[in-house]
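Undergrad: Handing you a structure now.
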Amino acid sequence: MLGALFSTGATREPDGLIKKLIICLIIAITIFQFYVVLFSSMDPFLHNAIFITFMLAITFIVFSFSSNKKDKKIPFYDIAISLALIGIGIFMIVNAERFLTRWPLADPLSSTELIIGTVLLLIVFEVTRRTLGAGMLFIVSALVIYAFFGHHISGPFGHEQYNLMQIVDQMAYTVNGVYGSIATVAATYVFFFVLFGNLFNASGGGDFFYALSKAITGRVAGGPAKVAVISSGLYGSISGSPTADVATTGSFTIPSMKKVGYSGTYAGAIEATAATGGSILPPVMGSAAFLMAEMTGISYTSIALAALIPGLLYYLAIFSQVHFQAKKLKMAGYDDETLPTVRGVMKSMGQFIIPIIVLIVFLEQGFTPVLGAIAASIATIIVSYFKKETRLTPRKLFDTMVETTTRISPLVAVCAAAGVVAGIIQVTGLGGKFSSLIHAASGGSVFMTMVVTMLVCIVFGMGMPTPAAYVLTAVLAAPIMIEVGIDMMQAHMFILYYACLSAITPPVAVAAYAAAAIADANPMRIGFLACRLGLVAFIIPYMFVYDPSLLLIGSSQNIVIATLLAVAGVIALAAGLEGWFGKILKGWERAIVTISGILMIYPEFTSSIIGLIGVTLILGTKFPALVKDFKDAGKLPAVKEIALDENENSQKISS
């Protein structure tokens, strides 16, 4: 019983009358969302209140009390909570004028308002436990306890006394709490971009990415692994969800990788790492990037543009490691007879590029990201009718709407809990106190401040999803990063990267666990190997803090030089990690190349020159062999010719 209280709930699919009522609620929410964005000037607070309460009502039907309750029958208490949430939403609508015009704290809450606000906060506690688990529940609970009893603490971490009415007022009826700016992200960006991603996938866009990747890299050494990197990157940049990416593309790529000899652990790690990078690769990125736009006031377009070069460097590193590993072990590609051509893929499925172009054009022209997502969704529906088999019929559209609303319900819970966390930190002044602690631990050093911030973000990311890890670290650590001289864009992008990397950081690595289920391998081993494959991503944030040229900030000359050095450094680092560059590298050569690659990545002239000399001395002699190897790329055996050696190759790669 105690274990059930601290575990997440299981997803369930209700049937009968409950299912019909949920579908009606989903339709109402979808219509409401489009109405508010396209035709209404509704106040954001009221919009958030309606959206959050009604979405949480769905969440209590979709998620059971514990992981042991997976039956379709909905218990009476979940129905009661859902009805209570719908009642709270109606209460907010009826009393909208009062809540939009009253002065918080100065105008006391009525007894009814106090009770309703308290019930809402208790429900947020429970939905946090069901969807996010004990880690986030512990943090929210600890902060609320701190708000009530922190006045008893002497010294800098103490604060003035707050009673129940003051806490409920701030958390339930102002923009400092559940219905604040973080909720805006769920009600706008997340809803419409997830809808676009689902429509794109339902119409065959995900298949297009997979087929195109297969046509480009399927014939070369380690073809299935390279297909996984490219297809997962492309799909992840649209979906913005590592777990959804693994579940979608991984179901094809992981078995293909295992077929040519990759171990389940290595195949799962490649897929998990590639899927995680989608959250930091434009144009869509992920919900944490939307949160960054809301918290910093920096436009989402500017954030996506700044993330472009670091995101491409991330995938260059993974692709290079996969390539060098495949060449070293003489891994095969797909059988030519089973592969499409690029021309054939573009001819049969090239229409799926149109929605992406529409999205990019809308963002580039200065339209809001939400309007861009809506336009891209409309374009997806239109191009789906180019072929009979891809058409988004009314039934498919309806199913996609239902899937979208169901899928974002956990994200709504994240935003509700994060709203409480951010509100408590703001009301009690804990953010400034924590910043002082980081400042003391780092001694005011820019480098040590980044190290401490990285550790805080990774620790938070181990117990909660990416958006929550970003919000917590951004509220607590971003101010001190800015105080020591780091620009706001660089500071928040630094935090955003490490929050995203929590998807592959053990012990709680959601992308690794999703890949493990498909690869039939140990998720912890997948997580640790994914961290090695994604090593460059752990270095990139330091790179763009020291040299903002990598975020496309500065002169064109500096941007070009910094990018070229970073590209060379990333390739050298990949060669050192995998121990191959035209020929197998000896141990001392690997060490020099790895260190030299890091020196080249580090944005400082002297270190870059030293790294360049080291790389040239070691890899320069291997370059002719590398060129010859590329010329002989098509001479490797196909999949069916090396299938008998799968176990041998798997053992080599695992080691």
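Using full-length UniProt numbering, the letters of the sequence shown correspond one by one to residues 1 to 655. We treat Cβ as the ideally placed atom computed from N, Cα and C, and that holds for glycine. This one's a predicted model, so the numbers in the text were calculated from it and none came from an experiment.
Per the DSSP calculation, Phe196 is bridged to which residue(s)?
TA: Note: Phe196 sits in no beta bridge, so no partner.
Undergrad: Just list the alpha helix (DSSP H) runs in the region 524-598, keeping only unbroken ones of 4 residues or longer that don't cross its boundaries, in chain order.
TA: With a minimum length of 4 residues, the continuous alpha helix (DSSP H) runs that stay inside the region 524-598 are 535-546, 556-578.
Undergrad: Could you tell me the alpha carbon to alpha carbon distance between Leu552 and Leu305, rounded to whole angstroms?
TA: Each residue's alpha carbon lies about 8 Å from the other.
Undergrad: Do Val421 and Ser287 have their C-beta atoms within less than 8 Å of each other?
TA: Their beta carbons are not under 8 Å apart, which means Val421 does not touch Ser287 by this criterion.
Undergrad: Look up Phe63 in the DSSP assignment and give the residues it is bridged to.
TA: Phe63 is bridged to Thr11.
Undergrad: With 16 other CB atoms within 10 Å as the buried threshold, where does Lys226 fall?
TA: Buried, because 16 or more other Cβ atoms sit within 10 Å of the Cβ of Lys226.
Undergrad: Could you give the DSSP three-state label for Leu501: helix, strand or coil?
TA: The answer is helix: DSSP assigns Leu501 an H, G or I state.
Undergrad: Pull up the CB-CB distance for Gly278 and Gly233, whole angstroms please, since I reckon it's below 8 Å.
TA: Correct: roughly 6 Å between the Cβ atoms.
Undergrad: Any idea what DSSP makes of residue 656, helix, strand or coil?
TA: Nothing can be reported for residue 656: it is not among the residues displayed for the chain, which extend from 1 to 655.
Undergrad: Do you know whose CA, among Ala80, Asp78, Leu83, His492, lies nearest Ala293's CA?
TA: It is His492 whose Cα lies nearest to the Cα of Ala293.
Undergrad: Cα-Cα, which of Phe209, Ala272, Thr453, Tyr235 is closest to Met346?
TA: Of the candidates Phe209, Ala272, Thr453, Tyr235, the one whose C-alpha sits nearest the C-alpha of Met346 is Phe209.
Undergrad: Quick one: is Ser555 buried, meaning 16 or more other Cβ sit within 10 Å of its Cβ, or exposed?
TA: Answer is exposed; the Cβ neighbour count stays below 16.
Undergrad: Compute the distance between the beta-carbons of Met55 and Leu121, then report whether it is under 8 Å.
TA: Contact: no.
Undergrad: Spatial neighbours of Ala474 within its chain, please: C-beta separation below 7 Å, excluding the five flanking residues on both sides.
TA: The residues are Met295, His492, Ile495.
Undergrad: If you measure between the beta carbons of Ile270 and Ala228, is that distance less than 8 Å?
TA: Contact flag set, yes.
Undergrad: Determine the DSSP secondary structure at Asp169, reduced to helix, strand or coil.
TA: Reduced to three states, the DSSP call for Asp169 is helix.
Undergrad: Out of Leu38, Tyr35, Met42, Ile29, which has the shortest C-alpha to C-alpha gap to Ile52?
TA: Selected option, being the one with the closest Cα: Ile29.
Undergrad: Can you look up Met489 in the DSSP assignment and give me helix, strand or coil?
TA: Three-state result, Met489: helix.
Undergrad: Looking at the unbroken alpha helix (DSSP H) that takes in Glu160, where does it start and where does it end?
TA: It is not in any alpha helix (DSSP H) - Glu160 carries neither H nor E in the DSSP assignment.
Undergrad: Name the residue from Gly569, Arg130, Gly444, Leu195 whose alpha carbon lies nearest to the alpha carbon of Ala379.
TA: The residue with the shortest Cα to Cα distance from Ala379 is Leu195.
Undergrad: Considering only the alpha carbon of each residue, which of Val412, Ile539, Leu212, Leu114 lies closest to Lys183?
TA: Checking the sequence shown, residue 183 turns out to be Ala, not Lys. Taking only the C-alpha atoms, the option nearest Ala183 is Val412.
Undergrad: In three-state terms, what does DSSP make of Gly634?
TA: The pLDDT assigned to Gly634 is 47, lower than 50, so where the model puts this residue is not dependable, and the model offers no usable value.
Undergrad: By a C-beta neighbour count over all protein chains shown, 10 Å radius and 16 as the cutoff for buried, is Asn163 buried or exposed?
TA: So Asn163 ends up on the exposed side.
Undergrad: Would you kindly check if the distance between the Cβ of Tyr513 and the Cβ of Pro603 is under 8 Å?
TA: Cβ distance not < 8 Å, so Pro603 and Tyr513 don't count as in contact.
Undergrad: Checking 8 Å against the spacing of the C-beta atoms, do His323 and Ala187 come in under that value?
TA: Not a contact, by the Cβ cut-off of 8 Å.
Undergrad: Can you tell me where the alpha helix (DSSP H) with Pro224 in it begins and where it stops?
TA: Its alpha helix (DSSP H) spans residues 223-239.
Undergrad: Just the C-alpha distance for Val486 and Ser502, rounded to the nearest angstrom, thanks.
TA: Reading off the sequence, residue 486 comes out as Ile, not Val. Those two C-alpha atoms are separated by around 23 Å.
Undergrad: In whole angstroms, what separates the C-alpha of Ser607 from that of Ile613?
TA: Those two C-alpha atoms are separated by around 10 Å.
Undergrad: Which of the three DSSP states is assigned to Ser348 in this structure?
TA: In the structure shown, Ser348 sits in a helix (DSSP, three-state: H, G or I).
Undergrad: For Phe434, which residues in the same chain have their Cβ closer than 7 Å to its Cβ, ignoring the five residues on either side in sequence?
TA: Taken in chain order, the residues that qualify are Leu476.
Undergrad: For the ligand NAD, is there any heavy atom lying closer than 7 Å to the beta carbon of Ala225?
TA: With respect to small molecules bound, the structure shown includes none, and the ligand NAD cannot be examined in it.
Undergrad: Helix, strand or coil, according to DSSP, for Val508 in the structure here?
TA: Note: Val508 maps to coil in three-state DSSP.
Undergrad: Put Glu389 into one of helix, strand or coil per three-state DSSP.
TA: It is helical.
Undergrad: Let's see if you can read the secondary structure: which residues bound the alpha helix (DSSP H) around Glu403?
TA: Counting along the chain, the alpha helix (DSSP H) containing Glu403 begins and ends at 394-428.
Undergrad: Here's the rule: buried if 16 or more other CB atoms are within 10 angstroms of the residue's CB, otherwise exposed. What is Cys500?
TA: With 16 or more other Cβ atoms within 10 Å, it is buried.
Undergrad: Could you check the C-alpha separation between Val94 and Lys214 for me, to the nearest Å?
TA: Spanning the two alpha carbons is a distance of roughly 55 Å.
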